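Peer 1: My questions will all concern the structure given below.
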Amino acid sequence: MDKNKIKILIVDDESLIRELYKRVLEKINIDFDEADSFEKTIQFIKLNYYNIVILDLKLADTDGITLLKEIKRLCFGCEVIVVTGYASLDSSVAAIRAGAYDYITKPIDVDEFSLTINRCIDKQILSKEVGRLKSTVGLYELSKAMTSIMDLQDLLNTMVRIVKQTLVSDTCSVMLMDEATSKLKIMASDGLSDEVINSTELKVGESIAGWVLKEQKPTLLFNGLKKYPQFAHLNPRPEIYSAISVPLIVKDKVIGVVNVSSKDESRNFTTEDMELLAIFASDTALMIENARIHEKLTKYIKMLEESQIKMKELDRLKSEFISNVSHELRTPLTAIKGAVELIMGEIISTAGVTVEKLLNIARNNCDRLTNLISDLLDSVRIEAGKMELNMGKVSLQSIISELNDEFKFLAGHKNLTFAYSGPKSIEDIKGDSERIKQVLNNLLTNAIKFTASGGTITITLEDRNNDVRISVTDTGVGVSPESYDKIFERFHQVDGGLTRQAGGLGLGLFIAKSIVESHDGKIGVESTLGKGSTFFFTLPKHNFVLK
Amino acid sequence: MKPIVLIVDDELDTLIILRILLESKGYDVEEAHNGVEALEKIKTKKPDLILLDVMMPEMDGYTVCRKIKSEKDTKNIAVILLTVRALSVDIEKGKKCGADFYITKPFDSYALLNDIHKILSKKKLSKA
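These protein sequences, in sequence, are chains A and B.
So for the first sequence, our numbering puts the first residue at 472; every next one is plus one.
So for the second sequence, our numbering puts the first residue at 10; every next one is plus one.
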């Protein structure tokens, strides 16, 4: 700090005395203002920062000690030299006690005044220098420590905490440009309310921080905004007395703003504070940018890793699917080919087996192949969003009774009990009868597949307010809760690999779900592992208006 | 004495067809529906040859084959893997677990009978 940055306020109601001071100050080239009353003095102090005040203790309109105390309160770090009448030692002592730097007596001895004022100026310069050095060293140490912080939020939090401490401010915040919205948002703060943090979103040029961002100019403000033309139209937050905003610049790009504010009238920020914050901001901007890049990279790496895992899982599902398709196609073909070759080779005659039995095997396996192929085609149609529904009246009771006959027979093979519970009659609903039958067929096929002999399978039909609910309850192996959603996914099978218990391609529930959902219904499962499952689906009644 | 052939498959239709085919040529046929049952039947029935499916519940065919080939009492039993798995990696895997032969489904009935016959004659020769 040099002398020409020192500013002095002369407070005396005698113009001759002020003239004398002025001459001395002009000689040593010091900037100053003059006040002749309590009122004026306070006005000046609130508008400007003064390093030194020369105060006549005997002003007409006030008690000098009161004004001295007020000056000390309002002007942080300011030194006051009091001027007392001849031989009024008492008031000089009182003034020193109240915080005055020194006193001189009237009549003024020009040499003594020069000496005192010069000494005070030197002291001010020195103490500012020391304070500045202390803060600079502190912030330098901080910058060094911060280079090791890789996490963006950690970095910003550390920044605001330390800046607030070093500049003795009430609040500190770091605002960064959101690249997606091009708006400034508070990313870290100390001393601000949640309401302010969450509601503040500034466009470039908007409000003070937006202006600083746009103009890239460090800005120091105190005591209202009226005297700053670019901010005069803004409504300042009433609790803020003084504030600094500096831009965060990386190369030529402004990435954000650092703000500090003080509520206390005695904590006026100075140009030195602003310069210090600007230096700190230029040091940390690059760190913030690096941390942001690091954060982005980390996110990309995580995404890559996740997609790699997904790809691997897809790859596994794909090869499992190919192997399953191969199994599901070749197995019935094996039976068909075998049966046909036996008949052709007239081997049956020697083995005493009827041709009919072999033809039955061939036909059943043809059906199995047909079902498999239509499931595959259905799943392709669903995936392409091209499954068409043939809407009409649907009698759920006739669907259930058809399937009941068919599955009672199959269930009998496995020694399963087959039961139905539901109302005697139920109104027709709107839907694709064949498709709805397919849903129930798939649920029943699964129930038989996964229930050991001796078990029970129950179809339940419920007539509810807005929909009907059809459920298939078995006493089979059950489904674990974490698989409730997965089993409805395409190709998902409860157990894959070589030793799977059940055949199939993992399409049945996927197809069932698509059909139910295309009818605006819901499908789901409730189950206890080892005890059994209930698969249910609902179909709405409300849209029974045939087009 | 009739040679004993153990057929192992979880598909009932396949078992029916294999039984008719093999009995027509005078083999004694035993059957098992999964890998675990197969290992039990091997102990009690002491088959000369096993037609072994790969994809089965409880224990897969590769594992069953490895067990057979690693036991002193059973390692001389001929094993034909009879499976839908037709990729070269599967065949490689079959060889690695010690199978004597690898046939993919659907198989040719008469070719299968031929292969069984050849394998059993070879076994007889080497014994003599």
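Note that the Cβ used here is the ideal one computed from N, Cα and C, for glycine as well.
None of the values given here were measured: they were computed from a predicted structure.
Kindly identify the DSSP beta-bridge partner or partners of I481(A).
Peer 2: E505(A) and I525(A)
Peer 1: Can you look up Y574(A) in the DSSP assignment and give me helix, strand or coil?
Peer 2: strand
Peer 1: What does L1003(A) pair with, by DSSP beta-bridge criteria?
Peer 2: One detail in the question is off: residue 1003(A) reads as Gly in this sequence, not Leu. Note: G1003(A) sits in a beta bridge opposite T999(A).
Peer 1: In chain B, which residues lie less than 8 Å from H798(A) when you measure between Cβ atoms?
Peer 2: M64, V93 and R94
Peer 1: According to DSSP, what are the bridge partners of D934(A)?
Peer 2: DSSP lists V939(A) as partners of D934(A).
Peer 1: Does any residue of chain A bring its CB to less than 9 Å from the CB of D57(B)?
Peer 2: no
Peer 1: For K789(A), tell me which candidate among D573(A), G556(A), G995(A) and R961(A) has the shortest Cα-Cα distance.
Peer 2: Answer by Cα proximity: R961(A).
Peer 1: At a Cβ cut of 7 Å, what residues of the stretch 16-35 of chain B count as close to chain A, listed as they run along the chain?
Peer 2: Those residues of the stretch 16-35 of chain B that come within reach of chain A (Cβ to Cβ, closer than 7 Å) are E20, D22, T23, I25, I26, I29, L30, E32 and S33.
Peer 1: Determine whether the beta carbon atoms of M758(A) and T637(A) lie at a separation below 9 Å.
Peer 2: no
Peer 1: Could you spell out where the alpha helix (DSSP H) holding M68(B) opens and where it closes?
Peer 2: Run containing M68(B): none; DSSP gives neither H nor E here.
Peer 1: Taking the beta carbon of N739(A) as the centre, do at least 16 other beta carbons fall within 10 Å, making it buried, or is it exposed?
Peer 2: buried
Peer 1: CA-CA distance, G35(B) and L800(A)?
Peer 2: 31 Å
Peer 1: Using only the alpha-carbon positions, how far apart do D649(A) and E677(A) sit?
Peer 2: 15 Å
Peer 1: By Cβ distance, which residues of its chain are closer than 7 Å to E766(A), with the 5 residues on each side in sequence left out?
Peer 2: L623
Peer 1: With DSSP as the reference, please indicate the residues paired to G863(A) in a beta bridge.
Peer 2: According to DSSP, G863(A) bridges with G902(A).
Peer 1: State the DSSP-derived secondary structure class of K688(A), mapped to helix, strand or coil.
Peer 2: coil
Peer 1: I525(A): which of V826(A), C591(A) and E510(A) sits nearest, CA to CA?
Peer 2: C591(A)
Peer 1: Mind listing the chain B neighbours of R834(A)? Cutoff is C-beta to C-beta under 8 Å, in chain order.
Peer 2: Those within 8 Å of R834(A) in chain B number zero; the least Cβ separation is about 11 Å.
Peer 1: Looking at the unbroken alpha helix (DSSP H) that takes in G979(A), where does it start and where does it end?
Peer 2: G979 to S989
Peer 1: Since I believe L480(A) is in contact with A506(A) (beta carbons under 8 Å), could you give me their beta-carbon distance rounded to a whole number of angstroms?
Peer 2: 6 Å
Peer 1: Can you find a C-beta in chain B that's less than 9 Å from the C-beta of L847(A)?
Peer 2: no
Peer 1: Does the pairing of the stretch 986-994 of chain A with the stretch 51-60 of chain B give three or more beta-carbon distances under 8 Å?
Peer 2: no
Peer 1: Whose C-alpha, out of G816(A), Q779(A), V950(A) and P709(A), is nearest the C-alpha of S33(B)?
Peer 2: G816(A)
Peer 1: Would E760(A) and I726(A) qualify as a contact pair, given that the criterion is a beta-carbon distance under 9 Å?
Peer 2: yes
Peer 1: Distance, Cα to Cα, H704(A) vs K698(A)?
Peer 2: 10 Å
Peer 1: Beta-carbon separation of N886(A) and S924(A) under 9 Å?
Peer 2: yes
Peer 1: Chain B partners of I818(A), CB-CB under 7 Å?
Peer 2: I29, L30 and S33
Peer 1: Cβ closer than 8 Å: which chain A residues qualify as neighbours of K114(B)?
Peer 2: R801, T802, L804 and T805
Peer 1: Rounded to a whole number of angstroms, what is the C-alpha to C-alpha distance between L1017(A) and N937(A)?
Peer 2: Interpretation of L1017(A) is limited by its pLDDT of 47, a score under 50 that renders its predicted location unreliable; the figure taken from the coordinates is listed afterwards. Computed Cα separation, rounded: 17 Å.
Peer 1: Could you please give me the residues that DSSP links to K656(A) through a beta bridge?
Peer 2: L647(A) and E672(A)
Peer 1: Work out the CA separation of L813(A) and L30(B) for me, nearest whole Å.
Peer 2: Distance between the alpha carbons of L30(B) and L813(A) is about 7 Å.
Peer 1: Would you please state the rounded distance, in angstroms, between the beta carbons of T916(A) and A890(A)? I believe it to be under 8 Å.
Peer 2: The Cβ separation is near 17 Å, so there is no contact.
Peer 1: Residues of chain B with CB closer than 9 Å to the CB of S619(A), please, in chain order.
Peer 2: In chain order: nothing, as chain B lies at least about 51 Å away.
Peer 1: Against chain B, with Cβ distances strictly below 9 Å, would K901(A) count as a contact?
Peer 2: no
Peer 1: Straight-line CA distance for F110(B) to G1003(A)?
Peer 2: 42 Å
Peer 1: Does the beta-carbon of I588(A) have 16 or more other beta-carbons within 10 angstroms, so that it is buried, or is it exposed?
Peer 2: buried
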